[in-house]
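Enquirer:
Number of protein chains: 2
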Amino acid sequence: MMTLSGDLLIGGSNVRGAAATFSAINPANGSPMKPSFAGATREQVEKATILAWHAFLVFKETSLEDRAQFLEAIAEGILALGDELVLRAIDETGLPRGRIEGERARTVGQLRLFAKEVRDGNFRELRFDPADPDRKPAAKPDLRLRNVALGPVAVFGASNFPLAFSVAGGDTASALAAGCPVIVKAHSAHPGTSALVGRAVVDAVAACGLPPGIFALLFDAGFEVGQTLVADHRVRAVGFTGSRRGGTALMKIASERKQPIPVYAEMSSINPVILYPNALLDRGAEIGKSFAASLTLGAGQFCTNPGLIIAIDDAGLDAFIEGAATALAEAPAQTMLTGGICEAYRKGVARLSAASAVSQVSAGKGGTPHQAAAALFETTAAAFLANPELQEEVFGAAGLIVRCENSEELRRVVESLEGQLTIGLHADAKDFVAASQMIPQLELLAGRLLVNGFGTGVEVSPAMVHGGPYPATSDGRSTSVGTLAIYRFLRPVSYQDFPADLLPEALRRS
Amino acid sequence: MMTLSGDLLIGGSNVRGAAATFSAINPANGSPMKPSFAGATREQVEKATILAWHAFLVFKETSLEDRAQFLEAIAEGILALGDELVLRAIDETGLPRGRIEGERARTVGQLRLFAKEVRDGNFRELRFDPADPDRKPAAKPDLRLRNVALGPVAVFGASNFPLAFSVAGGDTASALAAGCPVIVKAHSAHPGTSALVGRAVVDAVAACGLPPGIFALLFDAGFEVGQTLVADHRVRAVGFTGSRRGGTALMKIASERKQPIPVYAEMSSINPVILYPNALLDRGAEIGKSFAASLTLGAGQFCTNPGLIIAIDDAGLDAFIEGAATALAEAPAQTMLTGGICEAYRKGVARLSAASAVSQVSAGKGGTPHQAAAALFETTAAAFLANPELQEEVFGAAGLIVRCENSEELRRVVESLEGQLTIGLHADAKDFVAASQMIPQLELLAGRLLVNGFGTGVEVSPAMVHGGPYPATSDGRSTSVGTLAIYRFLRPVSYQDFPADLLPEALRRS
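Just so you know, the sequences run in chain order F and H. Quick note on full-length UniProt numbering: the first sequence kicks off at 1 and runs consecutively. Quick note on full-length UniProt numbering: the second sequence kicks off at 1 and runs consecutively.
Laid out in structure tokens, this is it:
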């Protein structure tokens, strides 16, 4: 059992933060939890980035096997934390044990998957392009290419994935796999969970004999640590999952640096679901019930939560709505991640309630003052098209159904959409002609398309894209989940006419 | 023989621009050339982007074979222009026939290389991740992935490559290969060359039965067309080769859009060359002579021109300087691409002459008022470190030698460098220990490293990186030359649980 100190982790050691302190709040009852966490000063941030830069020059050249073992050691360390981690995460997030345990399994699996990816070595993209001294009109040089790590990465813990997208989550695992040191700005909603996992990472660094600067964990009651990190010239990329406001603020800082850097911010998505008439006719009520289950999963606090339903106002739509409304009416209220998130959810629901031409079709059960009830609304395509605010994400279990008069109106609603993480289609064979005409458009709007399902449940696998055009993410060419995520932290370097002695080892074959 | 009309090419047709007119100027004598070219208005730009967007939805789904044939048809069309193209390019750029013919060969080769790359289909990065309905605790979905084209691309013709980085150059070839329509903003220094090649592209579009909106050619006497293009919401990426001021201006516009887009700007680089003591002792004079040849090639108007020499002030350095100085003193003056470039070069040389602790060691021969003479300077490491302006690119055949007192000073000079396209090393076997200690640093500073050579001469091949950290380019994760350039215009999309009928054809295998 580890005693939580509330300290920063810099250079492999506990360092007491010298800025303002804060405590975790148990969102189920609003009570503060021990210990007090102390924020990092600008000097402490800089200390971490200087150590990261020096560690980087060593870490980027570690062998694939050493790096893979390091990722596996982190996974082992997280598991070894046992119930202490699970209980702290439950207390800090209000999420149930099953969810936390599942997320831990995903986090550990993610680290192991990247260990495998590192051992494979394909991410290096080695290319060999031999010389041809006899080529006319000019001799051809010898060219070889490999991917090289970008440099230290600033990772922002996400409130809604206290393990899988936090201290040792997807961003950290993929950045470390690429050979980049990581400096984590912990999410202030789960600092204890962050500290436990951070200690596991620090222990893995030490056990693997790696330079301690390759990992740091920083706390902050506000935004200054994050802003300082992104502006620091030694930091070369940013991984962020959170709000659109937060993500765009970091994009702005990064673009205004003397040397701009890539920001991989996963920000907001309402994950539209298009319901086709034959699917609705065949199984409208059933789809409605599945939708309600997806909408309320984890109190709706998933980036892939299906917040928007688009359908032609046809016979099956009422069956869908009735199925969804009935299921939602039975849905228990759930504790949200933080009081602030709960309040923002209630405001979002109130905004939908007050919007013109929007009516509420169902509400989940009430609960304690710290819990939120699901809510389902409907509106017309005309109203949706006239009011862009209806596209704004309400983070939580709130959904909006858009009734379209015909396929032309449906098409216009789809064309009005911003970039999304996912778009779902519910379609029977008889709907395929209509659906297939839509797909070339949908590909341009989302990172992942899915048929007869909902986007919640993001597989960590080689063919996953958890990304999508702005504003779903800051960079629609990337994914933050799955093995492709490693490519965010690499850049190609070409070596021309290098003697073998000077080549990086992986490029030495003749 | 084509009559040059000076018209825009929009939707496959000649359209007279309705904005201000301008003429090409023969840089060898300052005289204007016929015809007058008319700039595009905002409405004409918008017409091109609307057509491009509609064409995109068709073009992105063309078969690999159709797209490859299209690229080959453009190559054929450029060759079929024959001497008319060569002569116009010579007149507009002041470059000699051999250079223009070589560049035409490269341009045609580049188009054919991308045709091959398209046929291979590897750029689609197809991934198949099969379902596992029995997996516990949750069934695994079927996931498939492919790369999809980003959308219409704005390409800016470069003054210094009137063929290979202009209308149908590397940016255009790679964007079309990816399935993106291209709207070219012609460089106003070679509008006739641009119009001839543009017509070849338009003819290829028609011959291949593709939608005419996939290509447009726009003229502008100023910057408004470019700015309007980059701000247009239908444009989804930018390819640019030019000045740092121009590139950063486009980056700013792109980042401030409602939906920010990637800008691939190749901007400025002084391409440092580090000379090691044993190499200098063995063959200092010879390296100096090669350096002079590289510095003056094409009047120094290459992005990879070696503008900076860094060496320890050792016995061999004087032999290098003497070799370089002697060769440069014999170098004839050359016509630069435009009067403006020539003037900027002269100002840059004057700035170096006037800088404190900088002395001139050689000057090339004088010529006509429209020609520029090579110039070589030297300074101390202390002065170089104290004056960041000495790192600013002087576009043309001007070089600066930095004398370092010892290896520690050399290291500090290297650490002070900004991002570069290339860094060269001249080293003998006895220098390899010192050089190998430097390489992990150099990898972070440049897209291409080369040993015992100079960066001029950029191979178009699979292992080439013509890129590098900011400010060499806006995006150090990319290359604008070589087959990897296609990836700039793609993004991954994941398809979950898609029935075969709805899958893109390439992903249908079970």
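Backbone N, C-alpha and C fix where the C-beta goes; we use that ideal spot for every residue, glycine too.
Leaving out five residues before and five after F/P162 in sequence, what residues of the same chain have Cβ atoms less than 6 Å from its Cβ?
Expert: The residue you call residue 162 of chain F lines up with position 162 of the first sequence. Contacts found: A89, T93, H190 and T193.
Enquirer: Given a limit of 7 Å on CB to CB distance, which residues of the segment 496-507 of chain H reach chain F?
Expert: The residues in question are Q496, D497, F498, P499, D501 and L502.
Enquirer: Just to confirm before moving on: does the CB-CB distance between H/C404 and H/H370 stay below 8 Å?
Expert: The residue labelled residue 404 of chain H in the question sits at position 404 within the second sequence. The residue labelled residue 370 of chain H in the question sits at position 370 within the second sequence. No, these two residues do not count as a Cβ contact at 8 Å.
Enquirer: Under the three-state reduction of DSSP, which class applies to H/E72: helix, strand or coil?
Expert: The residue given as residue 72 of chain H occupies position 72 in the second sequence. In the structure shown, H/E72 sits in a helix (DSSP, three-state: H, G or I).
Enquirer: Using the beta-carbon count (16 or more within 10 Å), is F/K60 buried or exposed?
Expert: Counting from 1 along the first sequence, the entry for residue 60 of chain F is found at position 60. So F/K60 ends up on the buried side.
Enquirer: Just to confirm my understanding: we take F/R42, look at its own chain, exclude 5 residues before and 5 after, and list those with CB closer than 8 Å. What are they?
Expert: By 1-based counting over the first sequence, the position of residue 42 of chain F is 42. Result list for F/R42: E224 and T228, in chain order.
Enquirer: Would you check whether the ligand ATP has a heavy atom nearer than 7 Å to the C-beta of H/L126?
Expert: With respect to the ligand ATP, the structure shown offers nothing to examine, as it has no ligands at all.
Enquirer: Run through the DSSP bridge pairs and tell me what F/R448 is partnered with.
Expert: Translated into the one-based positions of the first sequence, residue 448 of chain F becomes position 448. Answer by DSSP bridge pairing, in chain order: F/T422 and H/S494.
Enquirer: Which residue's Cα is closest to the Cα of H/N305: H/G455, H/A427 and H/F156?
Expert: Position 305 of the second sequence, counting from 1, holds the residue named residue 305 of chain H. Here the closest residue by C-alpha is H/G455.
Enquirer: Per the DSSP calculation, F/F489 is bridged to which residue(s)?
Expert: In the first sequence, the residue the question calls residue 489 of chain F occupies position 489. BP columns for F/F489 are empty, so no partner.
Enquirer: Got a sec, what are the start and stop residues for the beta strand (DSSP E) H/P440 sits in?
Expert: Numbered from 1 along the second sequence, position 440 holds the residue referred to as residue 440 of chain H. Counting along the chain, H/P440 falls outside any beta strand (DSSP E), though it belongs to the alpha helix (DSSP H) covering F432 to L442.
Enquirer: Would you say H/L79 reaches chain F, if we count a Cβ-Cβ gap shorter than 8 Å as a contact?
Expert: In the second sequence, counting from the first residue as 1, residue 79 of chain H sits at position 79. No, H/L79 lies away from the interface with chain F (no Cβ there is under 8 Å from its Cβ).
Enquirer: By the criterion of Cβ-Cβ separation under 8 Å, what are the contact partners of H/F176 in chain F?
Expert: On the second sequence, residue 176 of chain H is found 176 positions in, with the first residue counted as 1. Here residue 176 of chain H turns out to be Leu, not Phe, going by the sequence shown. Under the 8 Å cutoff, chain F gives no residues; its nearest Cβ is about 18 Å from H/L176.
Enquirer: Indicate whether at least one CB of chain H lies closer than 8 Å to the CB of F/R99.
Expert: Here residue 99 of chain F refers to the residue found at position 99 of the first sequence. No, no contact with chain H.
Enquirer: Spatial neighbours of F/G453 within its chain, please: C-beta separation below 7 Å, excluding the five flanking residues on both sides.
Expert: Position 453 of the first sequence, counted from the start, is the residue given in the question as residue 453 of chain F. G424, listed in sequence order.
Enquirer: Are the segment 466-481 of chain F and the segment 116-132 of chain F touching by the rule of at least three beta carbon pairs closer than 8 Å?
Expert: Cβ pair count under 8 Å is below three, so no.
Enquirer: For F/R403, which residues does DSSP report across the bridge?
Expert: Counting from 1 along the first sequence, the entry for residue 403 of chain F is found at position 403. BP columns for F/R403 point to F/A311 and F/T380.
Enquirer: Taking Cβ-Cβ distances shorter than 8 Å, what residues in chain H pair up with F/V493?
Expert: Residue mapping note: residue 493 of chain F aligns to position 493 of the first sequence, counting from 1. Residues of chain H passing the Cβ test: E443, A446, G447, R448, L449 and V465.
Enquirer: Compare the Cα-Cα distances from F/A158 to each of F/G226, F/S255 and F/L295 and report the closest residue.
Expert: Here residue 158 of chain F corresponds to residue number 158 of the first sequence, with the count starting at 1. Nearest of F/G226, F/S255 and F/L295 to F/A158, Cα basis: F/G226.
Enquirer: Hey, does residue 511 of chain H have any beta-carbon neighbour from chain F nearer than 8 Å?
Expert: No answer is possible for residue 511 of chain H: the residues shown for chain H start at 1 and end at 510.
Enquirer: Tell me the DSSP bridge mates of F/K140?
Expert: Stepping through the first sequence from its first residue, residue 140 of chain F is reached at position 140. Answer is F/D132, bridged to F/K140.
Enquirer: For a contact meaning CB atoms closer than 9 Å, what does H/F432 contact in chain F?
Expert: As a position in the second sequence, residue 432 of chain H is number 432, starting the count at 1. The contacting residues are P499, D501 and L502.
Enquirer: For the segment 121-146 of chain F, list every residue whose C-beta sits within 8 Å of some C-beta in chain H, in sequence order.
Expert: Per Cβ criterion, the list reads R127, F128, D129, P137, A138, K140, P141, L143, R144 and L145.
Enquirer: Taking the alpha-carbon of F/Q496 as reference, which of H/A333, H/P181, H/L502 and H/H466 has the nearest alpha-carbon?
Expert: If you number the first sequence from 1, residue 496 of chain F lands on position 496. Of H/A333, H/P181, H/L502 and H/H466, the residue nearest in Cα terms is H/H466.
Enquirer: Counting only the same chain and skipping the five closest in sequence on each side, list residues whose C-beta sits under 6 Å from that of H/G284.
Expert: Mapped onto the second sequence, residue 284 of chain H falls at position 284. Closer than 6 Å at Cβ, skipping near neighbours: G316, A319 and F320.
Enquirer: Under DSSP, the beta strand (DSSP E) around F/S359 begins and ends at which residues?
Expert: Working through the first sequence from its first residue, we reach residue 359 of chain F at position 359. Looking at the DSSP string, the run of the beta strand (DSSP E) that includes F/S359 is V358 to A363.
Enquirer: Would you call the segment 262-272 of chain F in contact with the segment 405-412 of chain F, where contact means no fewer than 3 C-beta pairs closer than 8 Å?
Expert: Counting Cβ pairs under 8 Å, fewer than three are found: no touch.
Enquirer: State yes or no: is the beta carbon of H/S269 nearer than 8 Å to at least one beta carbon in chain F?
Expert: Against the second sequence, residue 269 of chain H aligns to sequence position 269. Output row for H/S269: interface = no.
Enquirer: In whole angstroms, give me the CA-to-CA distance for H/D66 and H/C208.
Expert: Numbered from its first residue, the second sequence carries residue 66 of chain H at position 66. Numbered from its first residue, the second sequence carries residue 208 of chain H at position 208. Approximately 8 Å, taken between the alpha carbons.
Enquirer: Closer than 8 Å by beta-carbon distance: list the chain H residues that pair up with F/E61, in chain order.
Expert: Along the first sequence, one-based indexing puts residue 61 of chain F at 61. Correct list: P440.
Enquirer: Determine the burial state of F/T3: buried for a count of at least 16 other Cβ atoms within 10 Å of its Cβ, exposed for fewer.
Expert: On the first sequence, position 3 is the one that residue 3 of chain F refers to. Exposed, by the Cβ-count rule.
Enquirer: Would you tell me roughly how many angstroms separate the C-alpha atoms of F/G468 and F/L79, rounded to the nearest one?
Expert: Here residue 468 of chain F corresponds to residue number 468 of the first sequence, with the count starting at 1. Here residue 79 of chain F corresponds to residue number 79 of the first sequence, with the count starting at 1. The alpha-carbon atoms of F/G468 and F/L79 are separated by roughly 32 Å.
Enquirer: So the candidates are F/P32, F/N29, F/S23 and F/A38; which of them puts its Cα closest to the Cα of F/V15?
Expert: Start at 1 with the first residue of the first sequence, and residue 15 of chain F comes out as number 15. If we check each option's Cα against that of F/V15, F/A38 comes out closest.
Enquirer: Are the C-beta of F/N278 and some C-beta of chain H separated by less than 8 Å?
Expert: Along the first sequence, read from residue 1 onward, the residue named residue 278 of chain F stands at position 278. No, F/N278 does not count as interfacial toward chain H.
Enquirer: Figure out for me which residue from F/A329, F/A279 and F/G447 has the closest Cα to the Cα of F/A311.
Expert: Within the first sequence, the letter at position 311 stands for residue 311 of chain F. Ranking the options by Cα distance to F/A311, first place goes to F/A279.
Enquirer: Based on the DSSP secondary-structure assignment, which residues constitute the bridge partners of F/E266?
Expert: For the purposes of this step, residue 266 of chain F is identified with residue 266 of the first sequence, where counting begins at 1. Bridge partners of F/E266: F/T241 and F/T473.
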